[in-house]
Each structure stands twice: as structure tokens, then as C-alpha cells.
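Visitor:
Number of protein chains: 2
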Amino acid sequence: MFRTPDALIRNVHSQVADRVGISIVRGDVGVGETLPSEMQICEMMDVSRTVVREAIRTLTGKGLVEARPKSGTRVRPPEQWNQLDPDVLRWRLETSEMDTYLNKLFQLRCAVEPAAAALAATAAGQADIARIRAGYEGMAAAKVNEAFVAADIAFHQAIYFATRNEFFWPIAQMFDIALRQSFTIAARGSHRARALVEHHAVLEAIATGNVEGAREATNVLLKNSVDDLTRIRGREFAAPKAPPRGRS
Amino acid sequence: MFRTPDALIRNVHSQVADRVGISIVRGDVGVGETLPSEMQICEMMDVSRTVVREAIRTLTGKGLVEARPKSGTRVRPPEQWNQLDPDVLRWRLETSEMDTYLNKLFQLRCAVEPAAAALAATAAGQADIARIRAGYEGMAAAKVNEAFVAADIAFHQAIYFATRNEFFWPIAQMFDIALRQSFTIAARGSHRARALVEHHAVLEAIATGNVEGAREATNVLLKNSVDDLTRIRGREFAAPKAPPRGRS
DNA sequence: GGCACCCTATTTAGTCATACAATACGATCA
DNA sequence: TGATCGTATTGTATGACTAAATAGGGTGCC
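These protein sequence lines are chains A and B, in that order. Using the numbering used here, the first residue of the first sequence is number 6, and each one after it goes up by one. Using the numbering used here, the first residue of the second sequence is number 6, and each one after it goes up by one.
The following block contains the structure:
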């Protein structure tokens with residue numbers, strides 16, 4: 006009894022959505038261009054039109070495309086894509102440069118996570134704190150790296166959920182899709198001891214309602230994560246690379 | 006030649022998605038419960054199963070529900086919804102308390118926008134800066150409040166896009182759906198003069214690559230916006246309301 | 001007699017094929 | 001140049017079949 010590996014079999018329309026979605030994210034179909042007509046996609050992928058339509062409906066819902074009768078289905082500008090959507094994230098992951106990708110993700114975390122921790126320090130309830138603590142204890146108890154990473158991810162997600170502000174939640178969603186790799190890199194051996202200390206500081210600050218303490222502890226934690234990644238990957242990582250620009 | 010009022014006619018499946026989506030967001034169907042079977046929805050709304058299925062596919066794509074044969078289509082926990090998705094946002098807007106809603110939105114802005122401005126100061130290209138400036142000049146030139154608000158929104162969106170980091174973009178997307186109301190409130194008469202000055206400060210800091218200046222100017226701008234809203238709406242607004250919580 | 005387990009039956013989503021409607025673009029003709 | 005018609009493409013409807021998961025009944029065992 007195999008549990009299907011979670012992304013291999015499942016629905017046909019999901020598979021079609023994946024293939025079309027990837028080809029859009031990869032840029033096979035330029036912005037503003039129309040993708041092949043439904044019937045053509047049917048033939049290309051050898052599925053019924055129902056399936057193709059439902060796949061395209063998924064893409065439409067994520068903001069990737071826009072369909073109009075006769076005119077065709079056009080690719081919308083990436084500014085309007087739901088870039089934080091798990092599927093979109095996954096598709097990007099298959100096509101983008103890993104360094105740039107993680108770099109940008111960390112820019113977002115550095116912007117949001119300290120504030121989220123501060124918010125959590127004021128808004129979190131018992132259950133929220135217990136959840137964060139469970140993450141920490143999972144990290145402490147972890148024997149293998151895999152378990153450590155999973156608990157680490159759960160820890161950070163729990164912080165976002167503890168804000169009690171649902172607009173922070175989509176950022177937490179992406180962690181296990183987008184950041185597993187980065188967490189895994191950082192979980193190597195010697196770093197784990199220090200990581201535990203830092204995570205505990207965040208936990209305690211939130212649990213005691215210490216707003217500024219939570220913010221600062223998270224800042225420290227993120228800073229060190231960035232440094233570790235930079236060092237390990239041996240090249241500039243989180244420092245935003247300024248593109249050439251003239252003064253106006 | 007009427008342009009259909011943008012949300013009234015359009016597709017049938019969009020309308021069905023709206024109705025079902027709203028009823029989920031409103032909580033008519035509790036988390037974990039199954040919504041009526043496809044056939045039942047067909048009868049309730051008097052549409053074909055094709056339409057119902059495509060509507061549900063949209064909801065699935067936004068993380069609201071999860072469908073399995075026989076088991077039915079279940080509502081997923083709100084933690085897994087794409088809370089920043091324009092449609093989800095719109096549905097919430099119809100059901101939530103306005104004050105709480107704007108409050109939470111401002112918490113997110115306060116966390117992200119200063120960092121976004123700082124990033125923009127390092128990463129923005131000529132075109133990005135021109136776009137921000139266009140927003141500012143639109144505000145300056147606006148005769149009626151409506152135009153002022155539109156330009157204001159465009160200004161702030163442009164900052165997020167100028168980060169050159171696509172993970173910031175979804176936050177910009179929500180502005181014209183979710184914040185028009187708040188901007189409109191703040192655009193009343195006397196505040197406009199000061200708002201212009203503050204916006205110009207942000208613009209200049211970004212245009213000259215002044216990272217910390219951009220961050221600080223944005224902080225000032227947001228702080229004053231919050232204060233205005235608080236004063237105008239005459240009650241606590243952006244201060245997070247701490248729920249009762251015991252120490253663990 | 002009661003309990004556990006397996007197996008089948010039914011319900012529900014997933015897929016397919018076909019037909020027709022509505023729409024917008026383009027070519028043709030006045 | 002302008003209006004009209006044709007046509008390709010998405011939108012909607014219908015009906016049939018497949019696959020899967022749950023519920024229920026039946027059987028065997030203790």
C-alpha cells in the first residue's frame with residue numbers, strides 16, 4: 006500500500022495545471038501572450054477539455070492568466086500573480102536560481118518576522134504559545150536533522166499564527182514548501198546548539214509578553230541564520246545586490 | 006456599450022464561486038465540515054455541474070477547501086487559506102468587522118512597508134522610481150478625493166514593486182481591494198497637505214538611494230496615517246488589542 | 001452471545017464526450 | 001471607410017462512466 010508520493014499521481018487536472026503553470030512561470034509563454042487554445046492543450050496532453058478547463062481555472066484563480074471568449078487565455082504580468090501561493094512557489098522553485106530565490110525569501114522574513122514575533126508577544130493565547138514551545142522542544146529532542154528541520158519550521162510557523170492576524174498567515178504557509186532547503190542547510194551539526202539558544206530566547210520573550218524582546222531576539226536569530234547561510238554557501242547571500250542605476 | 010460593472014455579470018462560475026466562497030468565509034460551513042455535494046449545489050443555484058465544479062476548483066486553488074471522492078468537499082482551516090488573495094480578501098470584506106479588518110491590515114503594513122521602502126532604495130531602477138513619482142504627482146495634481154486616493158494607492162503599490170522582490174508583491178495587490186476605504190477616510194481635506202509632504206520624503210529617499218531615510222520616512226507616514234484614522238474613527242484603531250491571557 | 005474483521009454496496013468526486021451559446025476578432029463587401 | 005457576416009475560442013449544459021472512500025452488513029472467531 007504505497008501512499009502516493011504526494012505529488013505524483015493525484016488528479017489529472019492538477020497535473021495539467023502543474024505543467025501549464027510551470028511553463029508560464031518559466032516564461033515559455035511571455036506576458037500578454039495567449040497560451041494554446043483549450044483544444045490544442047487537450048491534444049498536447051491527451052486529456053479531455055473538462056480537465057484542461059479546470060486546470061486553467063486553477064491558474065486563473067492564482068492570477069497567472071486571464072481568459073476571454075474568442076480572445077484566448079492570456080498570461081498576466083507577474084506583478085499580479087499570487088507569488089505566495091504554495092503552487093506558484095513550487096513552480097518557481099523548479100525554475101529559478103536557488104540563491105536568488107532564498108535571498109529574496111530572507112528579505113521578506115527579515116521584514117516581517119520580527120514584527121510578527123512582537124505582535125505574537127501581545128496577542129498570543131495559551132494554545133499559541135504551547136504550539137511555539139512544542140516546536141522548540143521538537144528541535145531540542147530531534148535526533149536526526151530531518152526532525153530538527155521539521156520542528157524548526159513548525160516553530161516559525163507557529164509564531165506567525167500566534168499573531169492572531171490572518172494576513173500574516175500566508176507567509177507562514179510557504180515555509181515548508183520554500184524554506185525546507187535553507188533550513189536543512191543551516192541545521193548542520195555545530196549550528197544546532199546556538200540555534201536552540203536563540204529559539205529559546207524568542208519563545209520566552211513571546212511567552213512573557215515581552216514585545217521588544219521578542220522583536221530583538223528574532224532579529225538576532227535571523228541575522229545569524231543569514232550569516233550561516235552566507236558562510237556555508239560561500240558567497241554573497243542576503244545582501245541585496247544593487248542593480249546598476251543612475252540618479253534621476 | 007456598457008462596460009459591465011466589473012463584478013455583476015461576468016462568468017457564471019465566478020458568481021457561484023463568490024456565493025460559496027462568501028458562505029465559507031462567513032462560517033456558514035464550519036472548518037472540517039463538508040459543503041453540499043456538487044449535485045445539491047447544482048440544484049440550489051440552478052446551474053450545471055460543470056459550473057459548480059469549476060467554481061469549486063477556484064476555491065480549492067485558494068486553499069479554502071479540499072475535495073475527495075466520496076468523502077466530499079471539506080473546508081480547510083483558515084490558517085491554510087490564501088488570506089492575501091484578492092477574492093478571499095473581498096469575501097472577508099463583506100463579512101468582517103471593518104475596524105478589526107483595517108487594524109490587522111495596518112499591522113501588516115507597519116511590519117512590511119518600511120522594509121519595502123528600504124529595499125526599494127537599494128534595488129529600484131529608473132522605471133520603478135518614475136512610477137513612484139507618478140503616484141506622488143498624481144496625488145499633488147488631484148482635484149477630487151477619488152483621484153487622490155487612486156494615486157495614493159498607486160504610490161504605495163509602486164514601492165512594493167520597486168523592491169524587485171516578487172514576494173513583496175502580493176501585499177501590494179491587496180491595496181486597491183482592501184485599503185481603498187481606509188485611504189478614502191484619510192484623504193479628507195486638511196490631511197492632504199501633510200500627506201503630500203510625507204509622501205515626497207519617501208519618494209526622495211528612495212530616489213536617492215537613502216536606505217535608512219526611506220525606512221524612517223515610511224515609518225513616519227504610517228504612524229501618522231494610523232493616528233489620523235484613530236482620531237477620525239473616534240476609537241482605538243491600530244493598537245493591537247491584547248486578549249486576556251494568563252502566563253504559562 | 002459478543003466482538004473483531006473483512007467484504008460489498010453506495011455515495012460522491014473525477015473524467016470523458018458532445019452539443020450549443022455567446023463573444024470578439026478579422027475578412028469581406030458595399 | 002464603414003458595416004456586416006463568418007469563424008474561432010471560451011462559456012455552459014447534459015449524460016455517462018470511472019474511481020475511491022465510507023458505511024453497513026455479514027462472517028468468522030473468541
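Don't be surprised by glycine CBs; every beta carbon is placed ideally from N, CA and C. Keep in mind the model is a prediction, meaning the values are calculated, not measured.
So which residues of chain B does N170 of chain A contact, with C-beta pairs closer than 8 Å?
Guide: By Cβ distance, chain B contributes K109, Q112, L113.
Visitor: Does any residue of chain A bring its CB to less than 7 Å from the CB of A159 of chain B?
Guide: False, the Cβ-Cβ gap to chain A never drops below 7 Å.
Visitor: Leaving out five residues on either side along the sequence, give the residues of the same chain with a beta carbon under 7 Å from the beta carbon of F180 of chain B.
Guide: Result list for F180 of chain B: I158, H161, Q162, in chain order.
Visitor: G182 of chain A and P91 of chain A: beta carbons closer than 7 Å?
Guide: Note on residue identity: the sequence assigns Ile, not Gly, to residue 182 of chain A. In this structure, P91 of chain A lies closer than 7 Å to I182 of chain A by Cβ.
Visitor: Kindly say whether D23 of chain A, judged by its beta-carbon, lies nearer than 7 Å to any beta-carbon of chain B.
Guide: No, no contact with chain B.
Visitor: Determine whether the Cβ of P175 of chain B lies closer than 7 Å to any Cβ atom of chain A.
Guide: Judged by the 7 Å Cβ criterion, P175 of chain B is in contact with chain A.
Visitor: If you draw a straight line from the C-alpha of Q20 of chain A to the C-alpha of L184 of chain A, how long is it?
Guide: Cα-Cα distance, rounded: 23 Å.
Visitor: Name, please, each residue of chain B whose Cβ falls closer than 7 Å to the Cβ of K3 of chain A.
Guide: A question about residue 3 of chain A goes unanswered here, because the residues of chain A that appear run from 6 up to 253.
Visitor: Quick one: grab the DSSP three-state call for G77 of chain A.
Guide: In the structure shown, G77 of chain A sits in a strand (DSSP, three-state: E or B).
Visitor: Can a CB atom of chain A be found closer than 7 Å to the CB of D90 of chain B?
Guide: At least one chain A Cβ lies under 7 Å of D90 of chain B.
Visitor: Assign T168 of chain B to one of three DSSP states: helix, strand, or coil.
Guide: Here T168 of chain B sits in coil by DSSP.
Visitor: With a cut-off of 8 Å on the beta carbons, I'd call G214 of chain B and A126 of chain B a contact; round off their distance for me.
Guide: Correct: roughly 5 Å between the Cβ atoms.
Visitor: Within 10 angstroms of the Cβ of E38 of chain A, are there 16 or more other Cβ atoms? Answer buried if so, exposed if not.
Guide: Flag for E38 of chain A reads exposed.
Visitor: Which residues mark the beginning and the end of the alpha helix (DSSP H) in which V21 of chain A is found?
Guide: Segment 17-30, the alpha helix (DSSP H) holding V21 of chain A.
Visitor: So within the region 174-232 of chain B, which uninterrupted alpha helix (DSSP H) runs reach at least 4 residues, ignoring any that extend past its ends?
Guide: Correct list: 174-178, 185-191, 196-212.
Visitor: Considering only their Cβ atoms, is the gap separating G68 of chain A from W86 of chain A smaller than 7 Å?
Guide: A contact, by the Cβ cut-off of 7 Å.
Visitor: Mind listing which residues of the region 28-39 of chain B have their C-beta closer than 7 Å to chain A's C-betas, in chain order?
Guide: Taking 7 Å as the Cβ-Cβ cut-off against chain A, none of the residues of the region 28-39 of chain B qualify.
Visitor: Could you please give me the residues that DSSP links to A72 of chain A through a beta bridge?
Guide: BP columns for A72 of chain A point to A:T78.
Visitor: Look up L98 of chain A in the DSSP assignment and say whether it is helix, strand or coil.
Guide: The answer is helix: DSSP assigns L98 of chain A an H, G or I state.
Visitor: Among residues of its own chain, excluding the 5 on either side of L40 of chain B, which ones have a beta-carbon nearer than 6 Å to its beta-carbon?
Guide: The residues are V34, T78.
Visitor: Would you tell me roughly how many angstroms separate the C-alpha atoms of W96 of chain A and M144 of chain A, rounded to the nearest one?
Guide: Roughly 29 Å between the two C-alpha positions.
Visitor: Is the beta carbon of W174 of chain B less than 7 Å from the beta carbon of Q88 of chain A?
Guide: Cβ distance < 7 Å, so W174 of chain B and Q88 of chain A count as in contact.
Visitor: State the DSSP-derived secondary structure class of T9 of chain A, mapped to helix, strand or coil.
Guide: Low per-residue confidence applies at T9 of chain A: pLDDT is 36, beneath 50, and the placement is therefore not dependable enough to give any value.
Visitor: E151 of chain B: buried (16+ other C-beta within 10 angstroms of its C-beta) or exposed?
Guide: Exposed: under 16 other Cβ atoms inside 10 Å.
Visitor: I'd like to know whether the C-beta atoms of A210 of chain A and A200 of chain A end up nearer to each other than 7 Å.
Guide: Contact flag unset, no.
Visitor: Can you tell me the Cβ-Cβ gap for D233 of chain B and H196 of chain B, rounded? I've got them flagged as a contact below 8 Å.
Guide: The pair is a contact, with the Cβ atoms about 6 Å apart (cut-off 8 Å).
Visitor: Buried or exposed: where does E102 of chain A fall if 16 or more other Cβ atoms within 10 Å of its Cβ makes it buried?
Guide: Counting Cβ neighbours within 10 Å, E102 of chain A comes out exposed, since fewer than 16 surround it.
Visitor: For the region 59-71 of chain A, enumerate the residues whose C-beta is nearer than 7 Å to any C-beta of chain B, in chain order.
Guide: Within the region 59-71 of chain A, the qualifying residues are E59, R62, T63, G66, K67.
Visitor: On a Cα-Cα basis, can you pick out the residue from B:T63, B:E142, B:S187 that is closest to V93 of chain B?
Guide: Of B:T63, B:E142, B:S187, the residue nearest in Cα terms is B:T63.
Visitor: As a quick exercise: from A:R15, A:K228, A:Q186, pick the residue whose alpha carbon is nearest that of L107 of chain A.
Guide: Of the candidates A:R15, A:K228, A:Q186, the one whose C-alpha sits nearest the C-alpha of L107 of chain A is A:Q186.
Visitor: Run the CB neighbour count on T100 of chain A, radius 10 Å, all protein chains shown included, and call it buried at 16 or more, exposed below.
Guide: That one is exposed.
Visitor: Y141 of chain B: which of B:I237, B:P119, B:I164 sits nearest, CA to CA?
Guide: Residue B:I164 is the option with its Cα nearest to Y141 of chain B.
Visitor: Beta-carbon of N87 of chain A versus every beta-carbon of chain B: anything under 7 Å?
Guide: Yes - at least one Cβ of chain B is within 7 Å of the one on N87 of chain A.
Visitor: If the criterion is Cβ atoms closer than 7 Å, does the pair F166 of chain B and K109 of chain A meet it?
Guide: Their beta carbons are not under 7 Å apart, which means F166 of chain B does not touch K109 of chain A by this criterion.
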